[in-house]
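Worksheet: the structure to be examined is printed underneath.
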Amino acid sequence: MYTVMGSSSRLSYGFVLLLVCCCSLSVAHKHPLDPLSVGEHLAVRSILANSSLWCSTSTADCNVIASLEVDEPEKADVKAWAPGKKLPPRKAVVVTRLDKVVRKIIVNLDTEEIESSEVYEGYGGTALNRYEVGLLASIVSKYEPFLQSLITRGLNLQQVNYLPLSPGWYGVPDDEGKRIVTVQVFYSNGTENFYMRPIAGISVQVDVDEQRVHKFSDNWQGVPIPGSQNTDYKLEAQYPLLPPLKIISIEQPNGPSFTIDGYQIQWGDIWRFHLKMDSRAGTVISMAEVSDGDETKVWRSVMYKGFVSEMFVPYQDPTDDWYFKTYLDAGEYGLGAVSSALQPLNDCPRHAYFLDAVLSTPSGVPMIKRNAICIFERYAGDVAWRHTETFAIDGKTVHDQPDPVTVPAMSA
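Numbering (mature numbering (1 follows the signal peptide of the UniProt record, and there is no 0)), first residue to last: -28 to -1, 1 to 384.
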């Protein structure tokens, strides 16, 4: 379901259709690419719980679902499907971690059976989940050599922030075959922007499977922690602000030019596409088509599937507490998984349509994120083209056309 916020707004000429998002909606599936609904999440969990691929306890190495998404049909089958035709078989693809073994499981929701189960034996591991993040912080916060390093610096132990990060592979023999995570530490104490206050010199590596500290070092050379003054990003913590600008209001007395049918969006007779959220990739736009606007009413395919493949941030500093910082935001944390609810009037303007998201928790229980996506139109005042002819027979002529653009955007 979706909700509408606010009154109307008038848009003259060109439009921008913006999708600001952090995840997807829970409705009965109408399209082969639709994400799993709450009921389907629960059905998958029930099927797994009644199989030998599940265990009765809930610990760090048991019943951890790394991802649970719809198993998309083959591209040819999706493109051959049309409204009114029978939908392809409905399946879910689940990546689990059970007794330290990673499996890829295909669940057939039509037959309510596990169709296949494949053990992953390659390098790497599953993405970090919320349970593991809390577990890693707990392990480090109780490690005596680490606590002594904090005491030596005169720090308040209650003001320490823990941020786990997969260090990747660097050919260290002692790390081979282990699921190693480096836990970064920061000192908030006076600011919410704890990234501005790293605790330099400390390096803590944790073996996630063994649930213990793997390596610890403290090469502190007396470098002080940066101060907290003027680091906070909260509005109330900023300098006195300039007087606010006058309000700009856009009205739509006749409503928007786009329509939403489940996860399918059509903007006038110009664009249509399928939109959904993925726990790893975030926004996924599929089956994007454009109409030339002629009498044939033919829709041309311009993109089958598009999404952010990765957000890679390598710092390339060789020191112990920096070398491992090669962030892979999508793969290690999940752009959809770390998303948050959009705030009306701040993230999205009036007249925005808000969609909810359904994601899986590590235990397989579905979690709904409210206001995960918003959709709205905006006139940006841009010009697509303009032509002036000074030497025309009938005198100087001017022709121009406003710029219609479709822009997907995501905040995570």
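Ideal Cβ positions, reconstructed from N, Cα and C, are used throughout, including at glycine.
As the structure is a prediction and not an experimental result, all values here were calculated from the model.
Runs of beta strand (DSSP E) with 3 or more residues, each lying fully within the region 177 to 233, are found at 184 to 190, 230 to 233, listed in chain order. Remark: C-beta atoms of Tyr134 and Leu108 approach each other more closely than 8 Å.
Between the C-alpha atoms of Val274 and Leu127 there is a straight-line separation of about 56 Å. By the beta-carbon neighbour count (other beta carbons within 10 angstroms, threshold 16), Thr163 is buried. At a Cβ-Cβ threshold of 8 Å, Val67 and Val112 do not count as neighbours. Here Asn343 is buried: its Cβ has 16 or more other Cβ atoms, across all protein chains shown, within 10 Å.
With 16 or more neighbouring CB atoms inside 10 Å of its own CB, Phe348 falls in the buried class.
Annotation: the continuous beta strand (DSSP E) that includes Thr154 extends over 152 to 159. Shown here, Pro338 sits in a strand according to DSSP, grouped into three states. In the structure shown, Val274 falls within a strand segment according to DSSP collapsed to helix, strand and coil. Going by beta carbons, Met249 and Gly194 fall outside the 8 Å limit. Excluding the 5 residues flanking it on each side, Ile123 has no same chain C-beta neighbour closer than 6 Å. Around the beta carbon of Gly254, 16 or more other beta carbons lie within 10 angstroms, which makes this residue buried.
In its chain, beyond the 5 residues on either side, Ala99, Ser251, Arg252 have a beta carbon closer than 7 Å to the beta carbon of Gly306. Of Glu12, Lys114, Ser110, the smallest CA-CA separation from Pro136 is found for Ser110. Comparing alpha carbon positions, the residue from Thr298, Val256, Tyr276 closest to Ile345 is Val256.
Thr154 and Ser175 have their C-alpha atoms some 7 Å from each other.
Across the structure, Met283 and Ser258 are spaced so that their CA atoms are roughly 20 Å apart. Look at the region 88 to 136 and you find these whole runs of alpha helix (DSSP H), each 4 residues long or longer: 102 to 113, 116 to 124. By the neighbour-count criterion, in which a residue is buried when 16 or more other Cβ atoms sit within 10 angstroms of its Cβ, Leu213 is exposed. Boundaries of the beta strand (DSSP E) harbouring Lys76: 73 to 80, taken from the DSSP string. Taking the CA atoms as reference points, Arg17 sits about 27 Å from Phe279.
Look at Lys47 here: in three-state DSSP terms it is helix. Beta-bridge annotation (DSSP): Met249 is paired with Thr255. Annotated three-state conformation of Pro286 is strand, per DSSP.
Annotated as proximal: Glu12 and Ala64, with beta-carbon spacing under 8 Å. The beta carbon of Tyr205 is closer than 8 Å to those of Glu164, Asn165 in its chain, skipping five residues each way along the sequence.
DSSP, reduced to helix, strand and coil, places Ile19 within a helical segment of the structure shown. Out of Gln236, Lys277, Lys187, Tyr92, the CA that lies nearest to the CA of Glu116 is found in Lys187. For Thr68, the enclosing beta strand (DSSP E) starts and ends at 63 to 70. Look at Pro316 here: in three-state DSSP terms it is strand.
A distance below 8 Å separates the beta carbons of Asp190 and Ser121.
Spanning the alpha carbons of Leu25 and Arg151 requires a straight line of approximately 21 Å.
Taking the C-beta atoms as reference points, Pro334 is found nearer than 8 Å to Ile37. Close CB contacts of Asp266 within its chain, under the 6 Å cut and outside five residues either way in sequence, are absent.
In this structure, Pro198 sits near Arg169, with a CB-CB distance shorter than 8 Å.
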